[in-house]
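Chemist: My structure is below; once you've seen it, I'll send some questions.
What follows is the structure in structure tokens.
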């Protein structure tokens, strides 16, 4: 025991609220020294180790609050501190009919304090799955009682449709007897009842006998009010048969020993009798709606009804385990027979029945024979062998002994553990005995685990040796090898069962829903996140846990230390030419935080996410938002005004995720911040505002965290640039820059200046600054928390704002590169591409040595400004085309490569690199399915479909959306998926499996259809996507090469089956193959630009060749007249200059040319002809960024036969 100043008055002032609890393995002295570092050593009054924790008392409650908020640090490990006092009390409500709402009850409870949890209905506890959903007439809530309210013992009287209902409310958690009011036993075991000759030996023996232990049911009020009714009531109360049972001081009732004549009510009122005083204070409420209870002759509780009035004895609810309230002994509310015995002067809670216990009644209802108590498991019943006295005698004989061998006293260890658990549930042991038994069993199981590990290692060595000797053919060695393998399988089964228990594994029958548990079965991040060793800067390898924590904290403390120098010249060169917000948009961002914003942000948060250091998840805020919402808003508004959040919000837990490379180097770990939910609410609300303006501020070549942009945009762009360069023989260089710790190196001062440059108002910048003011981080290393350290730079990965803030922070660099580099010029598109960025994944296009020199200079200057640093060892450079004048020299020791590289998860470049995307795909899918193979017989078809669609096939989607797979690959994988679904036996055609469940199928994914859907999405985005789509120019450059037509998107207005697409890359050949499956119909052009782009050849809307002029398309293509624009340029906007057109086409017959012009004019609508005439009189041409014409598509089923196709409708879909 460690004591402070022995002044008696100090101890007299101490209460439970002055204590804290610290769970750690350190000594009491080290713990007190750590506590003193936070609150001052002079403020510690007393400390001691109690069981597995250290309890420390301080002289000031405010110091307790500070200590629990900050925590302590011992040996570079942060340890959380919890208060001893629990401010919230559990309040039980019993005898609550289901039709009385929680709102009505909450309104009454609010007079005694504030609810800090929703009112929870307590399950009835049925074992059968058919009635497992039933709830009891009991409810539970946690409350902060008002000052002066020690315990809550009241009765609420609710009136519903003319009936009164008494609801009992209590915060007393001791087990009380309904009969005598004493703690420690139940009414069925009450000594007074057993000595009462007027009580029946068995419940329900006499239906007419009043049930003394029955909770009150609805009381029927008189139907009429007035003198007559009052007289009738007085007469009823004066009847001897209606005498109420005597009440105990606890409010319970006792059945009378024998019938007695009741005294007149006027002579001695019920409330005036001292022996019938009730501790319950009665409150009456009226509920306007509810079920109408018809007064039966006898209630379900067994109370007797006389006339139109029903008398029920008063009872007190009994607190059970897990918050259950068990009522008196009666048919509806049955009290479990087994309760914990009284210990240390206080009643024990009923132990939760984890296993089924069969109870056979003896002659007395209160007695149960020990010989017939059995333990029910799924496969066997284990009888109780060792008695409680045997176990107690063992504890007495081995007291103060060390290294006790359990098998010497109890040979069957499984039976011993079972019996200990059983008797503990029965309350046979006091706290000291329970503590010793827990330590004994824990130490025993640890020894067993060590023995299993040692046995496995020994077996592995022996099996390896026997496998080497097996080649000799000696029968003894072969038999020994089989025996050793069988023993190893047995030990592995034991460890596997333990793993299933620790992972809270559910039965396969319960895994048919797409739940978080279902998909988490595939995750294996637990072992990967363990840091076994780290290297210091000098290269030394550290493996001790203390040294690992110390080195990790040192590394990240240095990483998050500021290096910002604030060079004004460099700053001015980067922070110019950036777009600015309009004043209106800036004011919209600057408005005050509202409760609606926070609630919307809360609703968009996913459940099941890791919480911050305070341990309060989003589910907690969702459940209690009606109670705490306004308080959260007030705290956040006050924090914004003060410029600083509370410590719990400022402190984040950093969990480390492994990246590629040597994991002994800490730079190969990615830190992710686990933030408190209130911090996330503020950041998510601000992120919702910032999202609306990101598209105006960020250039289209940066796609990260910008609405309507995707990671696929970057992949499409780089893929098409490489294809255009090879197809047209262009030279270009692509440099992939790897940013070292990109998010973690962003300087805060630089970020604030960037936000101001973009035009954000100071108010909005202040809201973001408060998220990074005086922030701290606590590293989580191998399951433990390290000492907190200050963070002076970096954007927290895990915050809703982080992605957008980083895109804004890197935009000055990208803007500088666009202005100084020459870029890649795309033929036929009049566009240049300078770079492609997805967050910090940056690809820069260069053409000359000057471009490389400019790039290196810009990167060096940007490092001075923002501390951003390029990791040249992980960067790559790809060279395409012929460089006659020599290759440019790269900085940082970087060397050029040929062929391709991996970008954002996809191999791009030559066909050889494309094929790398699919290497091992079949084996990968097989491996994922093999993990579930043993569970397939127990899984439903729904569960098998979930495994296939969401865990196996989904691994292909990212690459399948970007590149085409080799022939037959998808068919091979599809066969594997179907075999897994049927477990080898195919019962119905495969095509039926792919149908939705509503149409008789199973919804099994079809890979070829999914690939076709990806291609249609690509075409849809190409034709109708955003006007500034970054890869559209590169795609147009490729489409311009089709058959010399010189068209891009207008190709999709033609019959593409007639086109020669053999020169296109594989992806685009597959694209047109899918597009040919559909019939297209254009609904006319409302824009002049797309009217002029209408094709005149190969099945376009204005293709008039038909049978009469079969060679017209070939003639028009050779004449360079492919679109209506080119025709108008030759024949005029009224299509009347036949001579010019005949000369251009090389035709001698003017009559034929006039017929052609007439057909074209007829093919145009009157509105389109007016548009052409207006176009002739305009000086400026039409805008080229107008929307693509509307297209209707439908499957082209011509030539397909089948009974279902005969009755098909010709419905079309608006593409």
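In full-length UniProt numbering, the protein residues as written are 1 to 1215. The beta-carbon is built from N, C-alpha and C at its ideal position, and this holds for glycine as well.
From residue 968 to residue 956, what does the alpha carbon distance come to, in whole angstroms?
Modeler: Computed Cα separation, rounded: 15 angstroms.
Chemist: I'd like to know whether the C-beta atoms of residue 864 and residue 565 end up nearer to each other than 8 angstroms.
Modeler: Cβ atoms of residue 864 and residue 565: closer than 8 angstroms.
Chemist: Looking at residue 1119 and residue 1145, is the spacing between their C-beta atoms short of 8 angstroms?
Modeler: In contact: residue 1145 and residue 1119 (Cβ atoms closer than 8 angstroms).
Chemist: Nearest-angstrom Cα distance between residue 799 and residue 689?
Modeler: Cα to Cα, the separation comes out at about 15 angstroms.
Chemist: Can you name the start and end residues of the alpha helix (DSSP H) that residue 148 belongs to?
Modeler: Counting along the chain, residue 148 falls outside any alpha helix (DSSP H), and DSSP gives it neither H nor E.
Chemist: Closer than 8 angstroms is the cut-off here; do at least three beta carbon pairs connect the segment 850–866 with the segment 568–582?
Modeler: A contact exists between the segment 850–866 and the segment 568–582.
Chemist: Sorted by chain position, which residues of the same chain lie with C-beta nearer than 8 angstroms to residue 1021's C-beta, five sequence neighbours on each side aside?
Modeler: Excluding residues within five positions, the ones whose Cβ falls inside 8 angstroms are 1029.
Chemist: Can you list, in chain order, the residues of its chain with a C-beta nearer than 7 angstroms to that of residue 124? Leave out the 5 residues immediately preceding and following it.
Modeler: Within the same chain, residue 124 has close Cβ partners 134, 135, 136.
Chemist: Would you check if the segment 770–789 and the segment 60–80 touch, i.e. whether three or more CB-CB distances between them fall below 8 angstroms?
Modeler: Touching, yes, given that three or more Cβ pairs across the two stretches are closer than 8 angstroms.
Chemist: Ends of the alpha helix (DSSP H) at residue 808?
Modeler: Residue 808 -> alpha helix (DSSP H) spans 802–820.
Chemist: In angstroms with no decimal places, state the Cα-to-Cα distance between residue 99 and residue 128.
Modeler: C-alpha separation (whole angstroms): 24 angstroms.
Chemist: Please state whether the Cβ-Cβ distance between residue 738 and residue 902 is less than 8 angstroms.
Modeler: No, they are not a contact pair.
Chemist: Whole angstroms is fine: what's the gap from residue 1174's alpha carbon to residue 1100's?
Modeler: Going by the C-alpha atoms only, they are around 24 angstroms apart.
Chemist: Under the rule that 16 or more other beta-carbon atoms within 10 Å means buried, what is residue 1149, buried or exposed?
Modeler: Classification of residue 1149: exposed, given that the 10 Å Cβ count is below 16.
Chemist: In the segment 968–1042, which residue ranges form an unbroken alpha helix (DSSP H) of at least 4 residues, counting only runs that do not cross its ends?
Modeler: Counting whole runs of 4 or more residues, the segment 968–1042 contains the alpha helix (DSSP H) stretches 969–982, 990–993, 1007–1024, 1032–1039.
Chemist: Tell me residue 1078's beta-bridge partners as DSSP assigns them.
Modeler: Bridge partners of residue 1078: 1195.
Chemist: Per the contact definition of three or more C-beta pairs closer than 8 angstroms, is the segment 638–651 in contact with the segment 601–616?
Modeler: Touching, yes, given that three or more Cβ pairs across the two stretches are closer than 8 angstroms.
Chemist: Thinking C-beta only, is residue 909 closer than 8 angstroms to residue 878?
Modeler: A contact, by the Cβ cut-off of 8 angstroms.
Chemist: Count the CB pairs spanning the segment 546–566 and the segment 725–737 that are closer than 8 angstroms, and state whether there are at least three.
Modeler: Segments in contact, no.
Chemist: Look at the alpha carbon of residue 706 and the alpha carbon of residue 686, and state the distance between them as a whole number of angstroms.
Modeler: Those two C-alpha atoms are separated by around 15 angstroms.
Chemist: State the Cα-Cα distance for the pair residue 142 and residue 621, rounded to the nearest angstrom.
Modeler: One C-alpha to the other measures close to 15 angstroms.
Chemist: Go ahead and label residue 402 buried or exposed: buried means 16 or more other beta carbons lie within 10 angstroms of its beta carbon, across all protein chains shown.
Modeler: It is exposed - the Cβ of residue 402 has fewer than 16 other Cβ atoms within 10 Å.
Chemist: Using 8 angstroms for Cβ pairs, my map puts residue 993 next to residue 1004. What's the rounded Cβ distance?
Modeler: Right, their Cβ atoms sit about 4 angstroms apart.
Chemist: Contact between the segment 937–950 and the segment 883–897 is defined here as three or more beta-carbon pairs at a separation below 8 angstroms; is this criterion met?
Modeler: Counting Cβ pairs under 8 angstroms, fewer than three are found: no touch.
Chemist: Does the Cβ of residue 699 have 16 or more other Cβ atoms within 10 Å, making it buried, or fewer, making it exposed?
Modeler: Buried, by the Cβ-count rule.
Chemist: Measuring CB to CB, does residue 794 end up less than 8 angstroms from residue 744?
Modeler: Cβ distance < 8 angstroms, so residue 794 and residue 744 count as in contact.
Chemist: For residue 444, collect the residues of the same chain with a Cβ closer than 8 angstroms to its Cβ; drop the 5 residues on either side in sequence, then sort them by chain order.
Modeler: 406, 413, listed in sequence order.
Chemist: If you compare alpha carbons, which of 963, 1000, 980, 1057 is closest to residue 1018?
Modeler: Per the Cα distances, 963.
Chemist: Counting only the same chain and skipping the five closest in sequence on each side, list residues whose C-beta sits under 7 angstroms from that of residue 12.
Modeler: Around residue 12: no qualifying Cβ.
Chemist: Could you give the DSSP three-state label for residue 256: helix, strand or coil?
Modeler: With a pLDDT of 36 at residue 256, under the threshold of 50, the modelled position of that residue is not reliable, and no figure is offered here.
Chemist: Assuming the contact rule is C-beta atoms closer than 8 angstroms, residue 1011 and residue 970 should be a hit. Round their C-beta distance to whole Å, please.
Modeler: Right, the Cβ-Cβ distance comes to about 7 angstroms (below 8 angstroms), so this counts as a contact.
Chemist: Is the distance from the Cβ of residue 1186 to the Cβ of residue 1087 below 8 angstroms?
Modeler: Contact: yes.
Chemist: Whole-angstrom Cβ separation of residue 894 and residue 872, contact assumed at under 8 angstroms?
Modeler: Between residue 872 and residue 894 the Cβ distance is about 5 angstroms, and since that is below 8 angstroms, they are a contact.
Chemist: Going residue by residue through the segment 57–124, where are the continuous beta strand (DSSP E) segments of at least 3 residues, counting only ones entirely within it?
Modeler: You should have 72–74, 77–79, 81–83, 89–94, 113–115, 120–123.
Chemist: Out of 92, 1070, 751, which one is the CA nearest neighbour of residue 1223?
Modeler: Absent from the model: residue 1223. The displayed extent of the chain is 1 to 1215, so no value can be given.
Chemist: If contact is defined by three or more beta carbon pairs under 8 angstroms, each pair taking one atom from either stretch, is the segment 745–756 in contact with the segment 531–539?
Modeler: Contact fails: fewer than three Cβ-Cβ distances are below 8 angstroms.
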